[in-house]
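Right, one structure below, let's go through it.
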Amino acid sequence: MGATRFQIADCPSEQVARLRRELKLSGALAQVLVRRGLGEPDRARAFLEAAEEHPPGAFAGIELAVQRILAHVSAGSRITIHGDYDVDGICSTAILVRALRELGADVDSYLPDRIGDGYGLAAATVRRLAQRGTKLLVTVDCAITAVEEVALAGELGMQAIVTDHHSARADGRLPDAPLVHPALCGYPCPELCATAVAYKLAQAVYAAAGRDPAELESELELVALATVADVVPLIGENRTLVRRGLRALAATRRPGLRALMAVARVAPGRVDERALGFALAPRLNAAGRMYRADAGLELLLTEDPLRAQQVAQELDRANHERREAEQRIRWEAEAQVAELGERSAYVLAGEQWHPGVVGIVASRLAETHHRPVVLIALDGASGKGSARSIPGFDLLAGLTECSEQMLRFGGHRAAAGLEIERERVPALAQAFEQHAARVLAAADLSPVERVDAVVGGEELGMGLAEELQRLAPFGHGNPGVSLMVAEACLRDGRPMGEGKHVRFTVESRGARAQAVAFRTGGRLPVEDGAPVEATFKLEVNEWNGVCEPRLVLRHARPAEPRIEVRSLREEREVERELALPPPPEHPSAAPVEQPAQAVPVAEGEHGQLALC
Ligand SMILES: [Mn+2]
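One rule links them: number in the working numbering = place in the sequence shown (from 1) + 19.
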């Protein structure tokens, strides 16, 4: 993998000064906002306040869905919520089941089985539900592409409502049913997850039934969990939903969530977006990956604390199994990568790779090697694969180029799934790698770190650590802040964590700060005391009841001498000088990328956000 490059975007100092003045912010936070396209004070203020919220009526046509639901509630006919086996699919199902039950509906649910049914609404399921007596089929987190299946439901005497947030079919055909979909119904935050869509629909149904939608406030717990787990961008209304949901979670009375937090050792009062993504979501997902997702749904719906505890322990065990399966596949896959050597993409296949886990491993490999990765679980004469991409590569386009090698495939730019005959795997590998080698430029093959602010050592205190929390929740679409420390050198490396990590002192402009770097083998990644270009994240670290600022190294590279080599490599030096970290009072730098040595940032618990 190529070295990480630093990218320091333009940051006009007059915009920084204006934000500092009008919003009373530090220079560092103002730089972050300007570099993230929020230099306009009103937009910056709105983002920091995270108060964007829209009424359910902003979904065009939602009243059709509401009327249809209420008609079935008053008729007492059977309503089935059809969800999905991941966190978003489970949480959206739970919200509608609870809300409709509360209104006296005859409601049940169906979660497809990842291996047996596959993703989405299947014709066989539609038939089964019709036989089981369903009169109204409500889909959540799926079925926007299920044109034929929804038509079949109609033929079998069922009405349907489709709620989803996935992309519609390429041919533009939509199911013939009332739709509640953020992008297709003109909702002002088009990137809601399915659980947020279900929450809005439940609010609309409550309002129309004469109930107070505020009764649904506690469902924001599930909205926050699913918004983080489903990796939708944490901007716009999603920020509001996650913040409010985290507050609700801290005081949750739902037995299942309390039990889940207990097995994951998350203190409710300190639950944050990382706990959602790395501790709670993987456990809730584990049942659907290893067995069936129903246990997750039962956990969210039960009112019985004892039963909640049992199910939470079951999920915790399934999560352990998932981790073991993941670890084993990863070792085998890494061995294949080592054998293949440097390639533009990797297509790897193995026996007895759990198909519910290959997607997680594919994303880890894509991240580690910064290459598109296809992982295929072979079983008999065929195999099921999962693929993950990197920013510069359109995965679906790449697979489409090799379509004749596969039985079927689907997905999008960043993630995809496929089925293939065993004997075709080598041909797919060859075609896919050739395509990747053709379309990927050298620059695409090394990761880029976007620097948010350039700061001096004297700024790296508790004040800034707390101030940066105003940008939370962090995650997809709103990454953690990367601070470049100007004129830094790293000193006094001392191993910690059984020699895996290192703690050290950062010096910059006469100020010193304590820092840590994870997974460096206990050593400083650069020469002790030498000038470096280094990026950090600055956290509030709570340990034994004491709050301290903590600097965590992201990447470091030796700072190259700037003046001496000017005559030799003048062109390059002009570029480098533009990249010189400016003092925080005058932050202005042209966008320049510089190579840096990668230091992996510890990502907390061994968890996973990506979809399978
Ligand atoms: Mn979803």
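Think of the CB as a built atom: it goes at the ideal place given N, C-alpha and C, for glycine as much as any other residue. Predicted model, so just to flag it, every value in this text is computed and none were measured.
Could you check whether residue 541 and residue 556 sit closer than 8 Å to each other, using their CB atoms as the reference points? no
Just tell me which of 352, 361, 509, 358 has its CA closest to the CA of residue 368. 352
If you drop the 5 nearest sequence neighbours on each side, which residues of the same chain put their C-beta closer than 7 Å to that of residue 307? Cβ within range, chain order: 104, 105, 133, 315.
Counted within 10 angstroms of its Cβ, other Cβ atoms place residue 325 as buried (16 or more) or exposed: exposed
Any heavy atom of ligand 1 closer than 7 Å to the Cβ of residue 208? Annotation for residue 208 indicates a beta carbon at 7 Å or more from all heavy atoms of ligand 1.
Could you check how far apart the C-beta atoms of residue 275 and residue 331 are, in whole angstroms? I think they sit under 8 Å. 7 Å
Please list, in chain order, all residues with a C-beta atom less than 5 Å from at least one heavy atom of ligand 1. 107, 160, 213, 249
In terms of residues, what are the limits of the alpha helix (DSSP H) holding residue 276? Here the alpha helix (DSSP H) through residue 276 covers 274 to 282.
Between which two residues does the alpha helix (DSSP H) containing residue 372 stretch? Looking at the DSSP string, residue 372 is not in any alpha helix (DSSP H), and its letter there is neither H nor E.
Which of helix, strand or coil does DSSP assign to residue 404? strand
Pick out whichever of 430, 573, 32 has its Cα sitting closest to the Cα of residue 415. That would be 430, whose Cα lies nearest to the Cα of residue 415.
Taking its Cβ as the centre, do 16 or more other Cβ atoms sit within 10 Å of residue 184, making it buried, or is it exposed? So residue 184 ends up on the buried side.
Helix, strand or coil for residue 539 per DSSP? Looking at residue 539 - three-state DSSP - the assignment turns out to be coil, as it is neither helix nor strand.
I'd like to know whether the C-beta atoms of residue 459 and residue 412 end up nearer to each other than 8 Å. Yes, Cβ-Cβ distance for residue 459 and residue 412 is below 8 Å.
Can you find at least 3 beta carbon pairs, one from the region 172 to 181 and one from the region 150 to 159, that sit closer than 8 Å? Short answer: they touch.
Please report the residue range of the beta strand (DSSP E) in which residue 101 lies. 97 to 101
Per DSSP, the bridge partner or partners of residue 562: 565
List the endpoints of the continuous alpha helix (DSSP H) containing residue 339. 324 to 359
Would you say residue 570 and residue 530 are within 8 Å of each other, going by their C-beta atoms? no
Going by DSSP, what residue range makes up the beta strand (DSSP E) through residue 127? 125 to 129
Pair within 8 Å by beta-carbon distance, residue 395 and residue 467: no
Sub-8 Å separation of residue 128 and residue 102 beta-carbons: For residue 128 and residue 102, yes; Cβs fall inside 8 Å.
Does DSSP classify residue 609 as helix, strand or coil? Only weak support is given to the placement of residue 609: the predicted model assigns it a pLDDT of 36, under 50, and the value that follows is read from those uncertain coordinates. If DSSP states are grouped into helix, strand and coil, residue 609 belongs with coil.
Cα separation between residue 35 and residue 498? 20 Å
Apply the 10 Å Cβ neighbour rule to residue 403 and answer buried if 16 or more other Cβ atoms are within range, or exposed otherwise. Buried is the call here.
Closest by C-alpha distance to residue 52, when choosing among 265, 283, 488: 488
Neighbourhood of residue 385 by C-beta, 8 Å cutoff - its chain only, sequence neighbours within 5 removed: Excluding its 5 nearest sequence neighbours in each direction, residue 385 has C-beta neighbours in its own chain below 8 Å: 391, 392, 407, 408, 409, listed in chain order.
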